[in-house]
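Visitor: For reference, the structure I am asking about is given below.
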Amino acid sequence: MKNLLTIIAIVFYSSFITAQDFKYGKVSKEELAEKVHSVDASANAAVLYRNEDISFVYTQDGFIQEREVHERIKIYNKEGYNWATKKVYLYEGGGGSKEKIQSIKGTTYNLIDGKIQKDKLKKDGIFEEDYSEFTEINTITMPNIQDGAVIEYSYKISSPFIVIDDIVLQNDIPINKLDIRIATPQFYVYNKLINPKAFYSPKLNESKMKKTFVSSSSSGRSVTGTTFDTSTSEYSDNVIKVTDENIPALKEESYAGNMNNYRAKMSMELSAIVNRYGAVEKSYSSSWEKVSKSIYESPNFGAQFKRTNFFKDDVTSIVAGVEDPFQKAFTLQNYVKSKVKWNGYNGIYTQKGIRNAYKEGEGNVADINLLLITMLRSQGINANPVLVSTRSNGIPLYPTRNGFNYVVCMVQNGQNYILLDASEPYSMVNVLPERALNWRGRLVMDNGTSDWVSLRPNSQAKETTSLNVQFNDDFSVKGKVRQSMTSNVALRYRKKYASMSQDDHIKSIESGKGAIEVSEINFENANDITEPVKLSYNYELSDAIDDIGGKLYFSPMLFMATKENPFKLDERNYPIDFTMPILDKYVVNVEMPEGYKVEALPKSEIIDFKEGAAKFSYIAKENGKYLQFVINFDLKTSIIDPTDYGVFKQFFEKMIEKQAEQVVLTKA
Amino acid sequence: MPHLKSKLLLIYVLLSTSIFSQSDNDFIAILAPAELKEKANAIVRYDKQVVEINAYNRMIVTTNRVVTIYNKYGDRSHNAYEAYDPNTKIKKMEVRIYDAAGKEIKKIKTSDFADESAVSGGTLYSDSRVKYLNYTPIKYPYTIHYKSEVEMRSTAFVPQWRPIDGYYLAVQYSEFKIINNSGVEVRTKNENFEAYGIENLGESHVSAKNLKAIKYETYSSDIGDITPCLKSALTTFDMEGVKGENNNWEDFGKWMHTKLLMGTDDLPQSAIDEVKALTANTEDKIERAKIVYKYMQDKTRYISVQVGIGGWKPMLANEVDKLGYADCKGLTNYTKALLEVVDVPSYYTVVWGDQNIRDIDSDFSITEGNHVILCVPNNDENIFLECTSQTNPFGFTAGFTDDRDVLLVTPEGGKIVHTKVYSADESLQLTKANVVLDDMGNFTANISIKTTGYQYDLHEGMETRPLRDQKLHYKEYWNNINNLDITSIDYKNDKDQIELIETLDVSATNYASKSGNRLIIQPNMFNKVTGLPTRYDKRNLDFKIERAFKDVDEFIIELPETLKVEAMSEGAKVNTKYGSYEYALEKLEGNKLKYTRTYIMNKGNYDKEDYEAFRDFRKQIVKHDKTKIVLVK
């Protein structure tokens with residue numbers, strides 16, 4: 001069976017080599033003459049061919065990873081010129097081990113008077129930059145780019161590292177033909193992960209191939225610790241191939257969150273190193289359970305929980321007299337917030353260690369939240385870490401340590417639990433900062449067992465607004481606004497305004513609201529996170545009322561109305577992500593001007609989307625001297641599926657039209 | 001507390017002996033003068049920079065700076081960073097951080113600073129790097145004491161003294177001194193000294209005391225134009241090993257010509273033959289220049305590579321011809337070389353390129369500017385060519401290099417000239433529309449927008465984008481119309497006349513808002529101004545309008561038989577020194593309405609007292625642009 005597989009692989013491989021068209025240098029006149037992309041006319045450039053070959057070569061220093069890339073790109077017009085510049089990021093590890101780029105070759109092809117003109121990439125088109133301690137950037141820029149040009153380049157990266165970089169299968173421009181081959185020696189076991197949220201999914205083909213290597217017995221040094229003692233050995237490579245055609249471009253859609261969540265790509269996660277007999281020498285991830293356990297066992301994670309002496313005295317006095325575990329958690333979260341500031345870095349592993357972070361007063365997310373957990377545990381509270389992938393990191397759907405880049409704290413008391421994050425000053429109990437609100441996280445218990453917990457807020461973030469409207473003699477209006485905000489809406493507001501001067505706060509409220517003057521602003525609970533944000537101010541608005549032919553026209557929500565539909569695309573491929581469910585309530589009280597009566601009032605109406613998943617209600621009442629409007633936008637879900645987009649867009653349109661409806665007053 | 005008292009006493013003693021040496025009280029945030037805290041995100045407690053010039057090509061800059069920071073917006077004010085390159089050596093960098101009471105909480109040494117290549121987003125490569133402080137504040141306020149010493153072999157860029165280098169930054173004390181041991185004359189120029197009470201302590205030795213923070217206000221000049229500044233330049237200087245003379249712009253220009261440009265203009269014979277052939281039958285020099293400009297645009301692309309004599313020497317024309325790319329200097333120099341071949345003289349021109357207008361200082365020659373363009377003299381007029389764009393029309397500068405002083409580099413030396421000013425009439429936007437409204441409040445419309453001058457610059461660019469992006473663009477452009485559907489888009493971009501015409505067919509549902517049996521429509525459908533300049537209780541800074549423009553609109557709205565006009569305004573006129581505005585509504589035959597509107601904005605500089613009146617003018621426009629017509633069934 002094994003032999004058969006090898007034969008298949010060889011046959012397959014040789015048919016791959018005979019795909020003559022894509023051999024380096026064999027650019028055809030047809031390719032050069034093409035004016036627009038045959039499938040996607042909007043493309044400014046297209047990848048005609050990409051070949052990526054990843055393999056491991058045995059050397060004196062053990063296995064070296066080689067990644068050979070050959071790419072042919074068509075540039076249709078000037079907007080596509082930036083595809084003629086390619087940046088290659090190389091990683092530098094400690095102790096002089098680093099990735100190297102070799103054999104860079106490049107050619108630009110132009111069709112001049114029916115003839116193919118070639119310009120070679122020279123040294124002056126290659127720039128090396130020591131970007132930072134860990135990164136070197138190699139930039140290649142191709143010569144003589146003109147509309148219609150085809151460029152071709154190839155290079156090889158040698159890496160002493162066992163980690164394989166993600167393999168991108170979809171670009172922001174179309175890819176016509178893709179050939180990927182990943183050959184990994186039998187000693188390294190990788191899990192392949194393909195982004196299941198992508199619109200496009202590639203076809204895979206897996207096989208085995210026989211290899212031999214020669215080594216001397218003693219001088220070998222391998223970064224992975226795997227050395228071999230025979231002078232000639234046979235082993236096999238596991239080979240994965242992706243061959244596909246016509247991969248569509250990934251196009252940006254607003255309000256979709258991180259577009260990279262939807263890009264087709266493949267990751268190779270190292271799960272184990274095995275010896276030649278197949279026995280596991282070192283195991284990495286392979287299930288979420290194992291991933292969580294392996295993270296927990298890291299010295300920069302689980303071991304951190306063992307140190308408690310350095311804060312013991314401080315903490316005991318802080319929680320003295322507090323009994324309820326959730327109350328204790330809240331108290332200690334505030335304490336950690338006040339002691340240790342977030343330095344802006346994410347991470348599941350501590351950067352400084354919780355002790356140093358506590359001492360120095362700053363640290364990354366893991367430093368801060370593992371410190372909180374340790375403190376809570378020292379008080380006998382059932383506190384555990386929850387591994388999270390931030391919104392910008394995307395959603396991990398396969399077991400991988402790299403799938404997590406953030407950690408928060410969960411406190412359990414019987415059947416109840418709360419989530420905490422002390423890295424964000426305005427986060428509250430069960431109100432995590434938006435960066436962490438990404439679907440679900442992995443709870444890891446003290447004994448190493450783990451389970452999923454939902455991170456999506458299940459309660460609505462509420463914003464309640466009351467708006468009073470009084471008419472002046474010149475038909476300008478004035479009044480008072482009172483607002484109250486809870487959970488993530490409050491967090492967002494505090495983050496933006498808590499440290500802003502009152503003056504700038506007023507400017508910010510006034511901005512975009514027309515001829516308004518805001519005064520006597522009062523911002524309560526800016527820093528008291530136990531209470532909702534309370535905001536009130538007075539306003540004067542000079543251009544709210546239209547006096548046309550002796551009648552007065554106005555829309556009751558004045559400057560509070562949503563005037564523009566943010567959803568402008570005709571159709572979408574990706575969901576709309578509101579991050580959290582929302583409830584917006586408005587109560588508008590209009591005092592009728594002397595000598596006027598109502599001629600027309602907008603009708604009360606309820607607009608519904610998907611059986612109450614979202615609901616807009618508008619109730620108008622005339623009540624003696626007053627007109628009252630109660631307007632609610634009630635969004636119960638935080639994600640709108642692309643299949644529902646059309647209906648949701650209409651729902652939003654109707655909502656905006658309703659808010660624009662006018663009250664008509666005439667002289668009594 | 002007694003401890004603090006004795007400390008204060010000590011400070012008092014120190015203060016009375018040497019008034020402005022840096023002292024321990026500078027490290028104590030709570031002792032910062034109360035009157036400076038107003039509107040300040042940070043206060044420079046003490047800043048002393050000494051520039052020691054030891055030779056025309058040796059300079060040592062030492063910095064000693066203490067800044068108290070009050071909130072996150074002030075975090076960057078410590079200025080604890082140094083740029084360096086092969087000619088600049090950082091000898092020392094050190095930071096100490098103090099808490100509010102002045103207790104030292106952290107010390108950072110040279111090796112602990114972050115180190116990165118200083119390649120900005122658009123730049124492909126540059127050999128400059130930067131070391132900077134990367135510090136997470138634990139608590140506000142805190143005070144940073146930064147000390148550095150940097151040795152430079154280039155003296156072309158003597159640090160400028162700008163005590164107020166940002167908004168919301170107050171300065172308790174700042175001192176700047178040049179020690180000149182070189183025997184080379186150092187010229188200096190000061191700006192805005194009187195208004196801020198800047199003291200002269202000696203030759204090239206100045207200080208500032210108790211400068212209050214400046215709050216940002218919209219429409220004001222760049223902060224660098226209104227705050228104190230001391231500029232200095234060596235009359236004999238060095239730029240990365242190249243020696244130069246700089247007594248005035250003539251000298252400096254001559255140096256650029258001989259040391260940076262001369263010998264860079266050789267072209268391969270093939271390019272010479274090509275442009276000669278292309279222009280063989282064209283007599284007129286400007287026409288020849290147009291042909292060459294087009295040739296260059298088709299052949300090259302812009303790439304930013306900042307190398308070669310501090311990023312000031314252009315790539316060889318030969319190289320540009322071979323590679324087909326270069327930065328602004330290389331492309332300009334290449335175009336210049338090509339024009340020479342066809343006997344059209346042109347001058348390499350240094351400019352501050354930006355949407356905001358900024359001049360090269362006409363009466364003080366110093367190494368400045370961030371961009372290079374090409375000047376083709378045409379009798380009394382100068383034509384300026386932007387060589388980094390593959391699509392820019394010949395001689396078009398609006399929006400990036402228009403209306404400013406620039407430096408021409410001629411073989412005779414440098415000359416300051418002014419680039420083209422686009423008048424309101426030249427920067428026109430003419431929008432015409434034919435609208436058909438139905439009795440449900442839906443409409444269809446055919447619209448054309450013609451733009452020239454600065455407005456051409458604002459509209460040009462969509463043409464080459466994919467249809468999906470174009471549609472999104474127009475939905476944003478007309479965001480006053482919800483439910484807008486774009487049926488067709490057509491562009492006519494006349495690069496000879498520099499005139500763009502966008503023609504669109506659109507439709508929208510429920511444009512009219514409803515009220516019983518009435519429909520209410522706003523006739524200004526396609527050019528509505530909604531934004532107002534920020535309101536200030538009391539404006540502190542003068543303001544300016546940098547560019548004039550003119551908008552003309554003419555919309556014909558056809559009503560269905562079933563709707564009659566119940567009420568509408570006839571129009572309005574507003575005339576101010578800032579500009580003028582008028583609109584009119586009239587009934588035409590066949591149940592049609594005609595809406596016309598003209599809005600002209602003048603260019604000008606105005607006193608802060610005028611700001612409310614300017615805002616009032618804008619308020620009137622916003623109000624009139626919302627004018628409504630009531631239709632009844």
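Protein chains in written order, with UniProt numbering: chain A, 1 to 668; chain B, 1 to 633.
All C-beta atoms, glycine included, are put in the ideal place defined by N, C-alpha and C.
Does chain A have any CB closer than 8 Å to the CB of Q390 of chain B?
Guide: Against the second sequence, residue 390 of chain B aligns to sequence position 390. True, the Cβ-Cβ gap to chain A drops below 8 Å.
Visitor: Show which residues of chain B have a CB atom less than 7 Å away from the CB atom of Y296 of chain A.
Guide: As a first step, residue 296 of chain A must be located in the first sequence, where it is residue number 296. Correct list: empty, because the minimum Cβ distance to chain B is about 27 Å.
Visitor: Return the chain-ordered list of same chain residues with a C-beta closer than 6 Å to the C-beta of I606 of chain A, the five sequence neighbours on each side being excluded.
Guide: The count along the first sequence starts at 1 and reaches residue 606 of chain A at position 606. Hits under 6 Å: S617.
Visitor: Within the continuous beta strand (DSSP E) that includes I75 of chain A, where are the two ends?
Guide: Counting from one through the first sequence, the residue named residue 75 of chain A turns up at place 75. Segment 62-75, the beta strand (DSSP E) holding I75 of chain A.
Visitor: Would L317 of chain B pass as an interface residue toward chain A - the criterion being a Cβ-Cβ separation below 8 Å?
Guide: Indexing the second sequence from 1 puts residue 317 of chain B at position 317. Checking the displayed sequence, the identity of residue 317 of chain B turns out to be Ala instead of Leu. So, not an interface residue.
Visitor: Among B:H205, B:I226, B:L316, B:Y348, whose alpha-carbon lies nearest the alpha-carbon of E191 of chain B?
Guide: By one-based count along the second sequence, residue 191 of chain B stands at place 191. If we check each option's Cα against that of E191 of chain B, B:I226 comes out closest.
Visitor: Could you check the C-alpha separation between R535 of chain B and D584 of chain A for me, to the nearest Å?
Guide: If you number the second sequence from 1, residue 535 of chain B lands on position 535. If you number the first sequence from 1, residue 584 of chain A lands on position 584. About 28 Å.
Visitor: List in chain order: all unbroken beta strand (DSSP E) runs of 3+ residues lying wholly within the region 239-320 of chain A.
Guide: Within the region 239-320 of chain A, the complete beta strand (DSSP E) runs of at least 3 residues are 265-274, 280-283.
Visitor: 8 Å is my cut-off, CB to CB: does P143 of chain A come that close to chain B?
Guide: Position 143 of the first sequence, counted from the first residue, corresponds to residue 143 of chain A. So yes, P143 of chain A belongs to the interface.
Visitor: Spell out whether any CB of chain A is found under 8 Å from the CB atom of N71 of chain B.
Guide: Translated into positions along the second sequence, residue 71 of chain B becomes position 71. Yes, because at least one Cβ of chain A sits closer than 8 Å to the Cβ of N71 of chain B.
Visitor: Does A445 of chain B come out as helix, strand or coil in the three-state DSSP assignment?
Guide: As a working note, residue 445 of chain B is residue 445 in the second sequence. Strand, per DSSP.
Visitor: Is there a Cβ of chain B sitting closer than 8 Å to that of G514 of chain A, yes or no?
Guide: For this step, residue 514 of chain A is matched to residue 514 along the first sequence. Closer than 8 Å to some Cβ of chain B, the Cβ of G514 of chain A qualifies, so yes.
Visitor: Taking 8 Å as the CB-CB cut-off, is N540 of chain B touching chain A?
Guide: Here the question's residue 540 of chain B lines up with position 540 in the second sequence. No, N540 of chain B lies away from the interface with chain A (no Cβ there is under 8 Å from its Cβ).
Visitor: Could one say the Cβ of F651 of chain A lies closer than 8 Å to chain B's Cβ atoms, at least one of them?
Guide: On the first sequence, position 651 is the one that residue 651 of chain A refers to. Cβ-Cβ to chain B under 8 Å: no for F651 of chain A.
Visitor: Do the region 501-513 of chain B and the region 427-446 of chain B touch if we need at least three Cβ pairs shorter than 8 Å?
Guide: A contact exists between the region 501-513 of chain B and the region 427-446 of chain B.
Visitor: Residues of chain B with CB under 8 Å from V664 of chain A, in chain order?
Guide: Taking the first residue of the first sequence as position 1, residue 664 of chain A is located at position 664. In chain order: S515, G516, R518.
Visitor: Below 7 Å on C-beta distance, what does G403 of chain A contact in chain B?
Guide: Locating residue 403 of chain A in the first sequence gives position 403, where the first residue counts as 1. The premise fails here: G403 of chain A is roughly 27 Å from chain B at the closest Cβ pair, so nothing lies under 7 Å.
Visitor: Check whether the Cβ atoms of Y58 of chain A and F22 of chain A sit closer than 8 Å, and answer yes or no.
Guide: What you label residue 58 of chain A is simply residue 58 of the first sequence in a count that begins at 1. What you label residue 22 of chain A is simply residue 22 of the first sequence in a count that begins at 1. Contact flag unset, no.
Visitor: Considering only residues of the same chain and omitting the five flanking positions on each side of R597 of chain B, which have a CB-CB separation below 6 Å?
Guide: Residue numbering aside, residue 597 of chain B sits at position 597 when the second sequence is read from its first letter. Excluding positions up to five away in sequence, the list reads D553, Y583.
Visitor: Drop a sphere of 10 angstroms on the beta-carbon of F228 of chain A, count the other beta-carbons inside from all chains shown, and report buried for 16 or more, exposed for fewer.
Guide: The residue you call residue 228 of chain A lines up with position 228 of the first sequence. Note that F228 of chain A scores 49 on pLDDT, short of 50, meaning its location in the model is unreliable and no value can be drawn from it.
Visitor: Runs of 3 residues minimum, wholly inside the UniProt domain "DUF3857" (58-200) of chain B: which ones carry the beta strand (DSSP E) assignment?
Guide: Runs of the beta strand (DSSP E) inside the UniProt domain "DUF3857" (58-200) of chain B: 58-69, 81-84, 88-98, 104-108, 114-117, 123-126, 129-132, 142-152, 169-180, 186-191.
Visitor: Is Y58 of chain A close to chain B? Criterion is C-beta to C-beta, closer than 8 Å.
Guide: The residue you call residue 58 of chain A lines up with position 58 of the first sequence. Not one chain B Cβ lies under 8 Å of Y58 of chain A.
Visitor: D367 of chain A: which of A:F305, A:G394, A:E520, A:K156 sits nearest, CA to CA?
Guide: On the first sequence, position 367 is the one that residue 367 of chain A refers to. Closest by alpha carbon: A:F305.
Visitor: Strictly under 8 Å for the Cβ-Cβ distance: is residue 695 of chain A near chain B by that measure?
Guide: Since the first and last residues shown for chain A are 1 and 668, residue 695 of chain A lies out of range.
Visitor: Measure from the alpha carbon of G361 of chain A to the alpha carbon of each residue in B:E566, B:I416, B:K106, B:K450, then state which is nearest.
Guide: What you label residue 361 of chain A is simply residue 361 of the first sequence in a count that begins at 1. Ranking the options by Cα distance to G361 of chain A, first place goes to B:K106.
Visitor: Give the secondary structure of A613 of chain B by DSSP, where H, G and I count as helix, E and B as strand, and everything else as coil.
Guide: If you number the second sequence from 1, residue 613 of chain B lands on position 613. The answer is helix: DSSP assigns A613 of chain B an H, G or I state.
Visitor: DSSP beta-bridge partners for G394 of chain A?
Guide: Position 394 of the first sequence holds residue 394 of chain A. Beta-bridge pairing links G394 of chain A to no other residue.
Visitor: Using 8 Å as the threshold, is the region 319-337 of chain B in touch with the region 378-388 of chain B, meaning 3 or more CB pairs across them?
Guide: With the cut-off at 8 Å, the region 319-337 of chain B and the region 378-388 of chain B touch.
Visitor: Going along the region 465-481 of chain B in order, which residues come within less than 9 Å of chain A, judged by CB to CB distance?
Guide: Those residues of the region 465-481 of chain B that come within reach of chain A (Cβ to Cβ, closer than 9 Å) are R465, P466, L467, R468, D469, K471, L472, K475, E476, N479, N480.
Visitor: Note down, in chain order, all residues in the region 544-574 of chain A with a beta-carbon under 9 Å from any beta-carbon belonging to chain B.
Guide: Listed by position, the residues of the region 544-574 of chain A near chain B (Cβ gap below 9 Å) are D546, I548, G549, G550, K551, Y553, S555, K563, E564, N565, K568, L569, D570.
Visitor: Quick one: which residues of the region 181-210 of chain A get their C-beta closer than 8 Å to a C-beta of chain B? List them in chain order.
Guide: Of all residues in the region 181-210 of chain A, none has a Cβ within less than 8 Å of some Cβ in chain B.
Visitor: Mind listing the chain B neighbours of A357 of chain A? Cutoff is C-beta to C-beta under 8 Å, in chain order.
Guide: Counted from its first residue, the first sequence places residue 357 of chain A at position 357. Those within 8 Å of A357 of chain A in chain B number zero; the least Cβ separation is about 11 Å.
Visitor: Residues of the region 620-632 of chain B with a CB closer than 9 Å to any CB of chain A: list them in chain order, please.
Guide: Flagged, chain order: V622, K623, K626, T627, K628, I629, V630.
Visitor: Determine the chain C residues that contact G361 of chain A at a beta-carbon separation under 7 Å, and present them in chain order.
Guide: Structure shown: chain C not included; protein chains present are A and B.
Visitor: Could you check the C-alpha separation between G197 of chain B and S204 of chain B for me, to the nearest Å?
Guide: On the second sequence, position 197 is the one that residue 197 of chain B refers to. On the second sequence, position 204 is the one that residue 204 of chain B refers to. When rounded, the distance between both Cα atoms is 16 Å.
Visitor: Examine chain B for any beta-carbon lying closer than 8 Å to the beta-carbon of K341 of chain A, and answer yes or no.
Guide: Here residue 341 of chain A is taken as the residue at index 341 of the first sequence, counted from 1. By this cut-off, K341 of chain A is an interface position.
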